[in-house]
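Heads up: the structure comes next, in structure tokens.
2 protein chains.
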Amino acid sequence: MKQIIFMLFGVVALAGVVAFTAPASLHADQEVAPIFVTKIPPRYRDWRLISVAHEEGSLNDIRAILGNDIAIKAYREGKLPFPDGAIIARIAWSYVPSEENNKVFGRAQSFVPGAPPDWYLQFMVKDSKKYAATGGWGYAQFNKDGKPADEAKLKTCFPCHVPVKARDFIFTRYAP
Amino acid sequence: MKQIIFMLFGVVALAGVVAFTAPASLHADQEVAPIFVTKIPPRYRDWRLISVAHEEGSLNDIRAILGNDIAIKAYREGKLPFPDGAIIARIAWSYVPSEENNKVFGRAQSFVPGAPPDWYLQFMVKDSKKYAATGGWGYAQFNKDGKPADEAKLKTCFPCHVPVKARDFIFTRYAP
Chain A
1 MKQIIFMLFG VVALAGVVAF TAPASLHADQ EVAPIFVTKI PPRYRDWRLI
51 SVAHEEGSLN DIRAILGNDI AIKAYREGKL PFPDGAIIAR IAWSYVPSEE
101 NNKVFGRAQS FVPGAPPDWY LQFMVKDSKK YAATGGWGYA QFNKDGKPAD
151 EAKLKTCFPC HVPVKARDFI FTRYAP
Chain B
1001 MKQIIFMLFG VVALAGVVAF TAPASLHADQ EVAPIFVTKI PPRYRDWRLI
1051 SVAHEEGSLN DIRAILGNDI AIKAYREGKL PFPDGAIIAR IAWSYVPSEE
1101 NNKVFGRAQS FVPGAPPDWY LQFMVKDSKK YAATGGWGYA QFNKDGKPAD
1151 EAKLKTCFPC HVPVKARDFI FTRYAP
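Chains as they are written, first to last, in our numbering: chain A, 1 to 176; chain B, 1001 to 1176.
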């Protein structure tokens, strides 16, 4: 659960690209269910770098956070909230020592990406209308086989992002 | 010195872009001095991600390795040696705990980029002729103010890359 609790990202509905598990519009008096993203945004691995991070504990991963052009532009301009269309991707790999690097250093100090964990890919897609119930961001998670996380898991994403509402629910800061 | 000893990367001579501290051609019977790159390749921060890493010890940094289009293509195709024109960039940031992330996790486990260290930027530029004396790669390092490292420091780069000669002197593997 920890890995889900800490989704660093957000995402936007690209028409025809992203499918959703709930209808886009709900009456105001209905209980509003979060709406999740169930398709991997195409070519995300070609996106530019926002930052990197290491998580200890049960996650024990090393990760890169990438952004599509809209997200990168907003980050660099310090623009908040992120405009509709922004997508942030988080790729996580298990955190493993590099024996070959350590040999060169002469000590155990180098850690690199290993196998993908179950929480390999996460996305946040910004669409202020479609995802109004979850701060304007749709959440997604996929394992290495492209299988999306179920709705119960994804429901844990948004509540953990609320503490950074002032930064439009995004934890990751741009690393220059 | 440790930070220099472990330059993960390589670079190519872009005519008119990169300046060098030594002439490009030397007679075979002369002692061959390594040739270094003294200009930062333009727009490197827009390049695509190769991988990430964490170095403990005196470095204590977290880093991203990026590649220009030629380098990324070679990595993805598993092409060795890297073709002339390939440039690999390594950006390092000091490794700091994220208090705001840790609050959400409920424990100290999150580490993110902090201030740039003296070894902030490194590049390896592939030009098999120009840099023949150092395995076909020219080496470079810059601090956050864009000041290049001196030749004495850069001379320590190539010897440490020799153990990975079979991978064209490049430590970093592509993270999928």
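Note that the Cβ used here is the ideal one computed from N, Cα and C, for glycine as well.
- Proximity of chain A to D1046(B) at the Cβ level (cut-off 7 Å) is accounted for by R48, in chain order.
- When the five nearest sequence neighbours on each side are left out, the beta carbons in the same chain lying within less than 6 Å of the beta carbon of I1072(B) are those of R1048, in order along the chain.
- In the structure shown, the three-state DSSP call for I40(A) is coil.
- Taking 8 Å as the Cβ-Cβ cut-off, the segment 50 to 69 of chain A approaches chain B at S51, V52, A53, H54, E55, E56, G57, L59, I62, R63, A64 and L66, given in chain order.
- CA-to-CA, the gap between F1169(B) and K129(A) works out to about 50 Å.
- Think of a sphere of 7 Å around the beta carbon of C1160(B): the chain A residues whose beta carbon falls inside it are V104, in chain order.
- By the Cβ neighbour-count rule, L80(A) is exposed, with fewer than 16 other Cβ atoms within 10 Å of its own.
- R90(A) sits in a strand when the DSSP states are folded into three classes.
- Beta-bridge annotation (DSSP): A1053(B) is paired with R1063(B).
- In the three-state reduction of the DSSP assignment, R107(A) falls in the coil class, being assigned neither a helical nor a strand state.
- Within chain B, no C-beta atom comes less than 8 Å from the C-beta of R43(A); the nearest is roughly 10 Å away.
- Taking C-beta atoms as the reference points, Y139(A) and C160(A) fail to come closer than 8 Å.
- Membership of L154(A) in the alpha helix (DSSP H) is indicated by the continuous run E151 to L154.
- Of all residues in the segment 77 to 107 of chain A, the ones placed with a Cβ closer than 8 Å to any Cβ belonging to chain B are I91, W93, Y95, S98, E100, N101, K103, V104, F105 and R107, in chain order.
- If you draw a straight line from the Cα of F1036(B) to the Cα of E1151(B), it is about 7 Å long.
- Using beta-carbon distances, S1128(B) does not count as an interface residue toward chain A, since no partner is under 8 Å.
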